[in-house]
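Accompanying notes for the structure given below.
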Amino acid sequence: MSTFLWIIFIVVALLAGVALGFFIARRYMMNYLKKNPPINEQMLRTMMMQMGQKPSQKKIKQMMRAMNNQMDNK
64 MSTFLWIIFI
74 VVALLAGVAL
84 GFFIARRYMM
94 NYLKKNPPIN
104 EQMLRTMMMQ
114 MGQKPSQKKI
124 KQMMRAMNNQ
134 MDNK
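The sequence shown begins at 64 in our numbering and counts up by one.
What follows is the structure, encoded as structure tokens:
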């Protein structure tokens with residue numbers, strides 16, 4: 064019976080470790096993306112110019128604000 068209890072203990076510990084690791088990694092990535100957004104103003108300006116639009120600073124700021132609000136809502 065002792066072997067059976069050890070096997071159950073190992074399986075429970077493994078599942079708890081996987082769950083804990085997932086949530087720690089998720090929180091780390093959320094904080095990382097909040098501090099280092101994948102798109103900055105220069106990249107946005109370049110994308111708009113490649114699409115044939117002349118980006119104004121007001122439009123760039125508006126799009127950055129919209130992306131930041133969307134990131135905060137998640």
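Just so it is clear, CB atoms sit at the ideal spot from N, CA and C, and this is done for glycine as well. Quick caveat: nothing in here was measured; it's all calculated off a predicted structure.
Ordered along the chain, which non-local residues of its own chain (more than five positions away) have a Cβ less than 6 angstroms from that of residue i?
| i | result |
| --- | --- |
| residue 14 | Residue 14 is absent from the model: the chain starts at 64 and stops at 137. |
What distance in whole Å lies between the Cβ atoms of residue j and residue i, which are believed to be in contact at a cut-off of 8 angstroms?
| i | j | result |
| --- | --- | --- |
| residue 87 | residue 130 | So it is not a contact: roughly 26 angstroms between Cβ atoms. |
For residue i, I'd like the list of residues in its chain whose CB is within less than 8 angstroms of its CB, leaving aside the five on either flank, ordered along the chain.
| i | result |
| --- | --- |
| residue 100 | 130, 131 and 134 |
With DSSP as the reference, label residue i as helix, strand or coil.
| i | result |
| --- | --- |
| residue 122 | helix |
| residue 131 | helix |
Here's a check: name, in chain order, each residue in its chain whose Cβ is nearer than 7 angstroms to the Cβ of residue i, leaving out the five neighbours to either side.
| i | result |
| --- | --- |
| residue 108 | 118 and 123 |
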